[in-house]
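Structure, as structure tokens:
Residue numbers (full-length UniProt numbering), protein chains in the order written: chain A, 1 to 280; chain B, 1 to 280; chain C, 1 to 280; chain D, 1 to 280.
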């Protein structure tokens, strides 16, 4: 099992070419945030914007519209009761993130199924939080077209993979990840990423991160990174590393790190770890 | 009467074990915030999250949903008209905080009674603000199961205990606290904490704190501290001490200290007063 | 015509007595903020809280509830369609501020008339913005009981006093102020305060303040200062001085000063200009 | 083709005369922000206020009221379903900005047509975003009275001018700009401004700006600058220069620059580049 190293960051986070525009950095659509869990999709959206995605649209329960814009006037809003009318936005996206605060009711399931039906080759589909629970509960197959990225914590991975937490060995996890044909980020004290038949361990992470919303922020970051950077596998690894590296830095001064603080620290951290010019 | 000392903080605020997750730091449910007093439950929730509680859910009037998430995307929201559907969340909580901005109408009384009916052994129940008034007005008995923590100011304590402010001696207060079987935090210029048949005086506190919302913030902090730290009596004492210690620090530069500023200062203050590793 | 001097501040802004509580620093009720002008009452409320008022309640259009709490969880909210139910709050106030963003429609007029009917001896009534226009339009008499403080800019003063801007001499203004029996703050490049048959000129003020909301902030500060400090005339003068002194300070680094920045600077400024202990 | 230089800033951004008031710095009305694109008009309004406009009113979808005031209590709000009742506000404005987040549905088209019908000589009309698309789609003629300022990106300019992006030479662009009788800001990596039969190139700009909302912020700044500064052509050029100069500065520390950060940096940047006293 290989460790993700800081060197990866300069490889992934390339200096932006001078002659580029917002379209260069991708369109991310985030779907989630029921009335009870609106904060989750806000935190994920915040992470996508602050990691540099070109255009971000958030499809969520309408009661979350004001809060979304209070944090993020930069994001566009779609009422998730009007998902039909938003199909062209989903289809035009480079990356779809579904799950943060989505909930597990029939409406959530319907949104997930519609998204799976729309997702297609060339897109990245990040599946997080309640969306993972819905897949397990309903035995949903992952869509064939897109590059699927799953971000379960250990219990969600148990539900998805059928492997109990105590038995989640690298070997077994890799087998299921391969069967799923997906990049799998198993979140824990030392997060593991299963990608291209390899396993990477994230060396960072602090117990100061042990608070609600951390996963939502990571999902949004993976959305933002894969929207911008060409090598999707490396983009996922770099997002995982960056998430905990920022938390480790903040934890030098804080007993607890709030998820939104990680997003707000992204622009500065990313510049500090920027590599040479991105090939145009 | 003993004074709470700074030494207590390193004893209570332990270095977090590396291998921990949000569940390790407890689930806090806060109930309050009518349409008129929504800010109170927001301030209490802010304090719970910024003191490091693992997962925070706020049950409040639906008109407060946006404001809650504007301050705190990290908190989950439940409409207090749907308290029935939220029973499992209340039951699963480690700590329940009820009262900040709850109001004293029939709906508030109903929420209080339902909460009392659900609260059970193993839980901490922090009772603050209007909830204390409702208990006095309606002669409600405290629930038997949970560890009850009451946080009255002197007038609320008069209503609850029947002891007039002028007569609130340590001796009399202790007797009633013992009868109630509760930890009682009598808030004043020099707050006193009645716990385990002892009385502790808080040495700190500044008149710069004399502004609306301070008590709500303390209630939320007690929620956050008791959710994380094993010795509940000491956790209450440490929260009381920390609340005024931060205020004293801020008052060196401010004529008035705003309650939300205390919450925002918590992560840094707590790290500075962190003790050795928490036993795992 | 005397100038207000910095010396006045240490005389007014007294060190708070250790043994005090939020009731010591007064209850302020602010009334204003139609659907179109909600920001005005938010800015006024912000100024009242950040200048140290003990308890602040804002009576406003219900569409402003969320924004109020986003800026200020410390304030309580009342729907201005339920003014009847809030009569006891108005009656219990030490200071009432009416006018910021109130508008001039029938509903606004009704709120103003009801407030005038409730205001009584011992209270300070700060009348600002649209409330002044309504008085002029409807020939309303000021209420007899309270200490009335009017804060017109020059055009509003013309409407109220009948004196055209070009003719607004110290002598004429003083005569009308005396007839009104009110403290009158005539806002301009060099604001004048008519109080106790005297005229004071404010030496400060910067064109960086020439932006919407400055007057609302001043009205809220007068509310906060008169709620806390015993000598009401001096409290008004100190609020006027402090408002422009902070702006002058901020204008050293900014081409334009935003009103909310003045409020946020209040706690630090006030501590720096705090005098000896307030008599208890 | 001339470059805009920093020297222009001190010529445009004049020291404010001491004896001035908010009316001196103009009234700006911004129209835009459908339910889906509310953030755009918030960002534009933020830019107008922070660049120093005297009074700012935002006409937008009512679901954006709270978010607008959360960012900007300094702005006044009008429900865009009540545009009729706001005609006097539009007529009294010095500058009208229409387009950010306006959308392209029938309601948007109606708002655009009504605005065109009201706009008159002496006013500046900044036309941005979806308003440009609507003009192209519906072959609308620009209104005759006002000074029209168009701010298309290259694709919007293609739609408007009929010149494909690859063929957008200085010569061709100038011809169409002259025919339109408008100032045209063609936004790209190196933005060009067509004004008074001349072409100016903006030397600044960074790929860190390649994110949604940058254009909305520029439109609001052009609104704020033309409201305050007498020479409208130079005011547009100075706004374009300032927008990217601030971004370049922020990009020294950030991988991505958020649009709202540019607005928040305006007051300090403008003071640093302020010239001698503005002629009164």
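Think of the CB as a built atom: it goes at the ideal place given N, C-alpha and C, for glycine as much as any other residue.
Source: prediction; values computed, not measured.
Around residue 26 of chain A, the same chain offers 53, 54, 94, 95, 227, 228 as residues with beta carbons nearer than 7 angstroms, after the five sequence neighbours per side are excluded. Three or more Cβ pairs drawn from the stretch 56-66 of chain A and the stretch 75-82 of chain A lie within less than 8 angstroms of each other, which places the two stretches in contact.
Among the residues of chain D, those whose CB is under 7 angstroms from the CB of residue 253 of chain C are 268, 271, following chain order. At least 8 angstroms separates the CB of residue 145 of chain D from every CB of chain C. For residue 174 of chain B, the three-state secondary structure derived from DSSP is helix.
The Cβ neighbour count for residue 272 of chain C, taken over all protein chains shown within 10 Å, is under 16; the residue is labelled exposed. Shown here, residue 194 of chain C sits in a strand according to DSSP, grouped into three states. A check of alpha carbon separations from residue 218 of chain D across D/110, D/68, D/127, D/63 identifies D/127 as the nearest. Two segments are said to touch when three or more pairs of C-beta atoms, one from each, lie closer than 8 angstroms; by this definition the stretch 144-162 of chain D does not touch the stretch 102-115 of chain D. Not flagged as an interface residue toward chain C: residue 141 of chain B, since no C-beta distance is shorter than 8 angstroms. Taking a beta-carbon distance threshold of 8 angstroms, residue 162 of chain D does not count as an interface residue toward chain A. Fewer than three beta-carbon pairs drawn from the stretch 256-263 of chain C and the stretch 161-181 of chain D are found closer than 8 angstroms, and the two stretches are therefore not classed as touching. In the three-state scheme derived from DSSP, where H, G and I count as helix and E and B as strand, residue 237 of chain D is classed as helix. DSSP places residue 11 of chain A in the uninterrupted alpha helix (DSSP H) bounded by 7-12.
Remark: three or more beta-carbon pairs, one from each stretch, lie closer than 8 angstroms, so the stretch 206-216 of chain C and the stretch 13-30 of chain D are flagged as touching.
Note on residue 156 of chain A: 16 or more other CB atoms within 10 angstroms of its CB, so buried under the neighbour-count rule. Of the other Cβ atoms in all chains shown, fewer than 16 fall within 10 Å of the Cβ of residue 106 of chain C; this residue is therefore exposed.
For residue 259 of chain B, none of the residues of chain A pass the 8 angstroms Cβ criterion, the least Cβ distance being about 18 angstroms.
Taking the C-beta atoms as reference points, residue 33 of chain C is found nearer than 8 angstroms to residue 100 of chain C. Of all residues in the stretch 62-77 of chain D, those with a C-beta nearer than 9 angstroms to a C-beta of chain A are 63, 64, 65, 66, 67, 68, 70, 71, reading in chain order.
At least one CB atom of chain A sits nearer than 8 angstroms to the CB of residue 37 of chain D. Put simply, the backbone Cα of residue 234 of chain B is about 17 angstroms away from that of residue 48 of chain B. As computed with DSSP, residue 148 of chain B is found in a beta bridge with B/125.
Within the stretch 21-82 of chain C, the runs of alpha helix (DSSP H) at least 4 residues long that lie entirely inside it are, in chain order, 38-50, 65-71. Per DSSP, the beta-bridge partners of residue 96 of chain A are A/29, A/125. By the rule that beta-carbons nearer than 8 angstroms mark a contact, residue 22 of chain C touches chain B.
The Cβ atoms of residue 42 of chain A and residue 7 of chain A lie no closer than 8 angstroms to each other. As DSSP reads the structure, residue 183 of chain C sits in a beta bridge with C/149. Not a single CB atom of chain C sits nearer than 8 angstroms to the CB of residue 275 of chain B. Taking the Cα positions, residue 40 of chain B is about 37 angstroms away from residue 206 of chain C. Residues of chain C whose Cβ lies closer than 7 angstroms to the Cβ of residue 243 of chain B do not exist; the shortest such Cβ separation is about 15 angstroms.
For residue 277 of chain D, the enclosing beta strand (DSSP E) starts and ends at 275-277. Under the DSSP assignment, residue 220 of chain B falls in the alpha helix (DSSP H) whose first and last residues are 214-228. If you check the CB distance, residue 102 of chain B and residue 129 of chain B come in under 8 angstroms. DSSP places residue 256 of chain C outside both helix and strand once states are collapsed to three, so it counts as coil.
Bridge partners of residue 201 of chain B according to DSSP: B/3, B/192.
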